[in-house]
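Here it is, written out as structure tokens:
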């Protein structure tokens, strides 16, 4: 039963990732693209964690944490660049 739930979760998050990728290319403005990229990071994190649950490996959870930190910093830096035109003051 767990395998069916994991397959369904992989399908849902993969579909969400594809929809966000479409939104990155077809968004009307830059803030919408930033939000789509941030949501893509969340979907990739979910896929990494689901893969860790399926394989039973703890390394994937550490990779997810590193990816989450990188995604957060990049989102903040990109938003700051859009708002002020400069990242480092």
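Numbering (this note's numbering), first residue to last: 14 to 102.
We put the beta carbon where it would ideally sit given N, CA and C, even for glycine.
DSSP places residue 20 in the helix class (H, G or I) of the three-state scheme. CA-CA distance, residue 87 to residue 47, rounds to 10 Å. Secondary structure at residue 65: helix, using DSSP grouped into helix, strand and coil. Comparing alpha carbon positions, the residue from 54, 59, 15 closest to residue 25 is 59. Taking a cut-off of 8 Å on C-beta distances, the stretch 35-49 does not touch the stretch 14-22, as fewer than three cross pairs fall below it. A Cβ-Cβ separation of about 13 Å leaves residue 56 out of contact with residue 64 under the 8 Å criterion.
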